[in-house]
Amino acid sequence: MITLEEYKQIVEELLDELPEEFFRELSGGVTVSEATVTPDYAREGELYTLGQYQVSYGVRQINMFKGSFDRTYPHADAEQARELLRGVLRHEFRHHIESLGYIHNSSSLEAEDERRKQAYLERHRGE
Numbered sequence: 075m076i077t078l079e080e081y082k083q084i085v086e087e088l089l090d091e092l093p094e095e096f097f098r099e100l101s102g103g104v105t106v107s108e109a110t111v112t113p114d115y116a117r118e119g120e121l122y123t124l125g126q127y128q129v130s131y132g133v134r135q136i137n138m139f140k141g142s143f144d145r146t147y148p149h150a151d152a153e154q155a156r157e158l159l160r161g162v163l164r165h166e167f168r169h170h171i172e173s174l175g176y177i178h179n180s181s182s183l184e185a186e187d188e189r190r191k192q193a194y195l196e197r198h199r200g201e
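As numbered in my numbering, residues 75 to 201 make up the sequence shown, in order.
Below is the structure:
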């Protein structure tokens, strides 16, 4: 398991890979939290939220949850963490860019995430 400092360092390095334009209007920046976050619809211990794009009172922000990462990937070393976190960050930045472009159609990441949520709920219906 990587340390909090390693996690933060990896996130910073991954942010440096991204074009400056991606950060436009991301007024809350990218935060790192030690929190373990689960979606409200998920069964205990089954799903964890690794990252979250949030718009609140006009502030656009990406939150990264190390506690959730540790629960999902407890044996990840630094290199594995780098690749996994690269995917999480790019997922959240896609939400940001689509939000800026008012993209809320069936091919949006928002719609894709909703389809995954519905598929999860369908698999667990009646349990």
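We treat Cβ as the ideally placed atom computed from N, Cα and C, and that holds for glycine. These numbers were taken from a predicted model, which means no experiment stands behind them.
Below 7 Å CB to CB, which residues in the same chain sit around residue i once its five sequence neighbours on both sides are set aside?
i, result
"L78", "E108, K140"
"D187", "none"
"R117", "H198"
"N137", "T105, S107, G125, Q126, Q128"
So, for residue i: in the same chain, excluding its five sequence neighbours on each side, which residues have a beta-carbon less than 8 Å away from its beta-carbon?
i, result
"M75", "D144, P148, H149, A150"
Measure the alpha-carbon distance for residue i versus residue j and round it to whole angstroms.
i, j, result
"S182", "S101", "22 Å"
"A185", "Y176", "13 Å"
"P113", "R160", "21 Å"
"E172", "R199", "31 Å"
"G95", "K191", "One detail in the question is off: residue 95 reads as Glu in this sequence, not Gly. In a straight line, the C-alpha of E95 is about 30 Å away from that of K191."
"E86", "R98", "17 Å"
"Y115", "L174", "27 Å"
Here's the rule: buried if 16 or more other CB atoms are within 10 angstroms of the residue's CB, otherwise exposed. What is residue i?
i, result
"R134", "buried"
"T123", "buried"
"L88", "buried"
"L163", "buried"
Using 8 Å for Cβ pairs, my map puts residue i next to residue j. What's the rounded Cβ distance?
i, j, result
"T110", "S130", "That pair is no contact at about 21 Å."
"H165", "G125", "7 Å"
"H170", "Y127", "6 Å"
Which same chain residues end up closer than 6 Å to residue i when comparing Cβ atoms and leaving out the 5 residues on each side of it in sequence?
i, result
"F167", "F96"
"Y215", "Given that the chain is displayed from residue 75 to residue 201, the structure contains no residue 215 and the question cannot be resolved."
"T146", "Y122"
Check whether the segment 145-162 and the segment 79-92 touch, using three or more Cβ-Cβ pairs below 8 Å as the test. Yes, they touch.
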